[in-house]
Amino acid sequence: MSSPHTFHIPVMGLGFTVDSPIKVAQFGISSVVSIMDDHLLEDMRRYYSRTYQIPYLPIDEGSEDYRAKRVTAYLNLLQEVVDQQVEVLKQADFESSREINQYFQLLPEQHPATELYQQMMNSEGKQGQVLQEKLREYIQPGQIDVNIMTKVDKINYNKAGEALPREYSDALSALRGFAKSKAKGSVVFSAGLNPALFAYAEQFEDFFPDQNGQIKKGIILKVSDYRSALIQGRFLAKKGLWVSEFRIESGLNCGGHAFATDGLLVGPILEDFKNNRAELAQTLLTGCQQVWKEKGYTSIAAQAVPKITYQGGIGNAEENAFLLKHYKLDGTGWGSPFLLVPEATSVDEDTLQRLLKAKKSDFYLSHASPLGVPFNNLRISSGEDQRKARIAKNRPGSPCYKKFLTFSTEFSEKPICTASREYQHLKLKQLDRGEVGEQEVNEILEKDCLCEGLSAPALLSAGEQPRRNLNAVTICPGPNLAYFKGTFTLKEMVDHIYGKIQLQLDPDRPHVFIKELQLYVQHLQKEIEKSLPEQTAKYVSYIDKFKTNLNDGINYYQDLVQRVNLDANHVLEQMKVQLKTLQEEVQGMVPTVS
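In this text, residue positions in the sequence shown follow the UniProt record's numbering: the first is 1, and each later residue adds one.
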């Protein structure tokens, strides 16, 4: 389950990385595919079956367990295509094939095959041939990892309107589809603990060690802090489920949904993981071994330790290298910058041009998600244009076809989506009757149909037409993307990550630690400015805790920049000034008592 690279491409939306394995896995780069939208997966399977001349048998919505079967079929196709690509790559001629040379040119300099490749390039005759054969042995594909957002787990119904058993819910169906597939990779659980989903993983042998102590399919937890990692990891360990990796993601300096911590900053969080890593591994391994013994499984290696990686707002090789070295990380995730790399992700041309034209102020944290979680958004996306146009025509809201985010029972016994036309119409009726205020309604009108908007780009970039001509695209880049301009080749972006070249970024871009701190200070200010009838003791305690955590984080960074050479001198000096300014800003924040 290893990769020759020290970075991966995280999941982005429903469609932006849905076919990334076909684009980058042959070069040893792992990427993450969202498997929540079975409609999109079926459409993409039909497209790639035609492209690669693979027999295609439709899985229609009337067939039993069609959601899981669609996931399995699409992942099997991805793995089949990647396997074919790698076989072709291994047989390719170094003299004429761009792909086999690119495989080795993309590797980090410390990879053992890098030096061997340079030797081969400078060798001739039999010696060169011998080195080429050795190099071929190093070729391995990147993993096809999948993402399940644990909160997206609605109960489904049959045609008679009767609720289906729990295992047919969206998240459990997706997990079953992955578990039964041939995909070589791991499942990433994001957005917190879902007891039913985590327990369901116990049903599948691929998540347990085989007779050689090897686990075929890994479990990765995306977490925001050490405490949540320990809680979720223990829950899984009690069922004999080993967490192969913890992916720490910034609460605010990330793309997609933003799960803000109570002011806990990434530096101290990574320090926690570094200091407690051995204890975490031993706790989880001990829990798993007890279950494995009871169930008759062979244990994995006694020295096994979960990988620890970080993603969110990394912008250059200096930051990347510092994070890896100082916090002893096993890798990093680079997401939003790859939206500007057509060789790696699926972004339609219209959306790509909008990203290139966007100003910093066009990247913002919105109320667009029906989940009620802050959502990173682009003000000038075609999805936003469509949402505003519908309001202007007095037809706010979206038609709701896929129903993945139908969670509100405010107006009906059967859940509906807050971005739907039905829900927003009913909410406006409440406003007319004076039952709700304008602020609440305005936040509801911000809701967007993520099911359609986040899946459309994959089809549009493939030259396909989304169902029902729903072409508007919602895109959810992290704020870090505002500092990247232009489109890049895969080699350019990977070389930038490894410091082989330096892409020209906006000179005003702050260090990754500073940017996250700025975002948290802004978030705290908004929390304080919220209009509340009264400041409860609970509210004041929350603000105090948030401020304390921010101040502790600032003190940590102030000490860090004195002790460690984490970047160039001019960056360090700038950080010292910025930290002092932000510290004064936090100390001056006082909740308004009404």
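Glycine residues also receive a C-beta, built at the ideal position from the N, C-alpha and C atoms.
(message) Can you check which of these residues, 453, 126, 143, is closest to residue 80 by C-alpha distance?
(response) That would be 143, whose Cα lies nearest to the Cα of residue 80.
(request) State the start and end residues of the unbroken alpha helix (DSSP H) segment that holds residue 177. (result) Boundaries of the alpha helix (DSSP H) harbouring residue 177: 170-179, taken from the DSSP string.
(request) Tell me the start and end of each unbroken beta strand (DSSP E) in the region 291-323 that is at least 3 residues and wholly inside, in chain order. (result) Complete beta strand (DSSP E) runs here, min 3: 307-311.
(request) Say whether the region 353-362 touches the region 457-464, bearing in mind that this needs 3 or more beta-carbon pairs closer than 8 Å, one atom from each stretch. (result) No, the region 353-362 is not in contact with the region 457-464.
(message) residue 90 and residue 22 - do their beta-carbons sit closer together than 8 Å?
(response) The beta carbons of residue 22 and residue 90 sit no closer together than 8 Å.
(message) Suppose the cutoff is 6 Å on Cβ atoms and the five residues either side in sequence are ignored; what does the same chain contact list for residue 292 look like?
(response) Contacts found: 240, 299.
(message) Would residue 210 and residue 217 qualify as a contact pair, given that the criterion is a beta-carbon distance under 8 Å?
(response) Cβ distance not < 8 Å, so residue 210 and residue 217 don't count as in contact.
(request) Establish whether the CB of residue 233 and some CB of chain B are separated by less than 8 Å. (result) The structure shown has no chain B; it contains just one protein chain.
(message) Taking the beta carbon of residue 275 as the centre, do at least 16 other beta carbons fall within 10 Å, making it buried, or is it exposed?
(response) By the neighbour-count criterion, in which a residue is buried when 16 or more other Cβ atoms sit within 10 angstroms of its Cβ, residue 275 is exposed.
(message) One question on the structure: do residue 607 and residue 477 come within less than 8 Å of each other, judged by their Cβ atoms?
(response) Nothing can be reported for residue 607: it is not among the residues displayed for the chain, which extend from 1 to 594.
(message) At 3 residues or longer, what runs of the beta strand (DSSP E) sit wholly inside the region 182-210?
(response) The region 182-210 contains these whole beta strand (DSSP E) runs: 186-190.
(request) Determine the contact status of residue 13 and residue 335, defining contact as a CB-CB distance below 8 Å. (result) Residue 13 places its beta carbon 8 Å or farther from that of residue 335.
(message) Just to confirm my understanding: we take residue 146, look at its own chain, exclude 5 residues before and 5 after, and list those with CB closer than 6 Å. What are they?
(response) For residue 146, where only same-chain residues beyond five positions count, the Cβ hits under 6 Å are 33, 35, 178, 187.
(request) Give me the Cα-Cα distance between residue 341 and residue 493, rounded to the nearest whole angstrom. (result) So the alpha carbons of these two residues sit roughly 8 Å apart.
(request) Kindly indicate which three-state DSSP category residue 218 falls into: helix, strand or coil? (result) Here DSSP, grouped into helix, strand and coil, assigns residue 218 to strand.
(request) Look up residue 32 in the DSSP assignment and give the residues it is bridged to. (result) Among the bridge pairs identified by DSSP, residue 32 is matched with 145.
(request) Let me know the secondary structure DSSP gives residue 509 once reduced to three states. (result) Three-state DSSP puts residue 509 in coil, outside helix and strand.
(message) Please report the straight-line C-alpha distance between residue 481 and residue 16, rounded to a whole angstrom.
(response) Looking at the two C-alpha atoms, the distance is approximately 15 Å.
(request) Could you tell me if residue 137 is buried or exposed, where buried requires 16 or more neighbouring beta carbons within 10 angstroms of its beta carbon? (result) Only exposed fits residue 137, as fewer than 16 other CB atoms lie within 10 angstroms of its CB.
(message) Taking the alpha-carbon of residue 99 as reference, which of 87, 109, 110 has the nearest alpha-carbon?
(response) It is 87 whose Cα lies nearest to the Cα of residue 99.
(message) Helix, strand or coil for residue 446? Go by DSSP, reduced to three states.
(response) Note: residue 446 maps to coil in three-state DSSP.
(request) Measure from the alpha carbon of residue 166 to the alpha carbon of each residue in 185, 195, 377, then state which is nearest. (result) Per the Cα distances, 195.
(request) Kindly indicate which residue of 261, 130, 243, 271 has the alpha-carbon position closest to the one of residue 283. (result) Selected option, being the one with the closest Cα: 243.
(message) Is it the case that the region 542-562 contacts the region 514-530, given that we only count it when at least three CB pairs across the two stretches are under 8 Å?
(response) Verdict: yes, contact present.
(request) Leaving aside the five residues before and after residue 236 along the sequence, list all residues of the same chain whose C-beta is less than 7 Å from its C-beta, in chain order. (result) Scanning its chain for C-beta atoms nearer than 7 Å, with the 5 sequence neighbours on each side dropped, one finds around residue 236 the residues 198, 219, 243, in chain order.
(message) For residue 245, list the residues DSSP reports as bridge partners.
(response) Paired residues: 220, 307.
(message) In this structure, how does DSSP classify residue 346 when only helix, strand and coil are distinguished?
(response) Under the three-state reduction of DSSP, residue 346 is assigned to coil, being neither helix nor strand.
(request) Could you tell me which residues DSSP puts in a beta bridge with residue 163? (result) Per the DSSP secondary-structure output, residue 163 pairs in a beta bridge with 157.
(request) Measure how close the beta-carbons of residue 331 and residue 111 come, nearest whole angstrom, since I'm counting them as under 8 Å. (result) Taking C-beta atoms under 8 Å as the contact rule, residue 331 and residue 111 fail to qualify, at a distance of about 13 Å.
(request) Would you mind sorting residue 127 into buried or exposed? The rule is 16 or more other CB atoms within 10 Å of its CB. (result) Label assigned to residue 127: exposed.
(message) Let me check one thing: in DSSP terms, what residues is residue 332 bridge-paired to?
(response) Listed as beta-bridge partners of residue 332 by DSSP are 7, 310.
(message) Tell me the rounded alpha-carbon separation between residue 371 and residue 153.
(response) Answer to the nearest angstrom: the Cα atoms are 11 Å apart.
(request) Would you please state the rounded distance, in angstroms, between the beta carbons of residue 397 and residue 424? I believe it to be under 8 Å. (result) Sure, about 4 Å apart at Cβ, within 8 Å.
(request) Report yes or no: do the region 400-416 and the region 554-563 share at least 3 C-beta pairs separated by less than 8 Å? (result) Result no; under three Cβ-Cβ pairs closer than 8 Å.
(request) Would you mind working out which of 11, 3, 4 sits nearest residue 346, comparing C-alpha positions? (result) From the listed residues 11, 3, 4, the smallest Cα separation to residue 346 is found for 11.
(message) Taking DSSP's pairing of strands, which residues face residue 366 in a bridge?
(response) Answer by DSSP bridge pairing, in chain order: 375.
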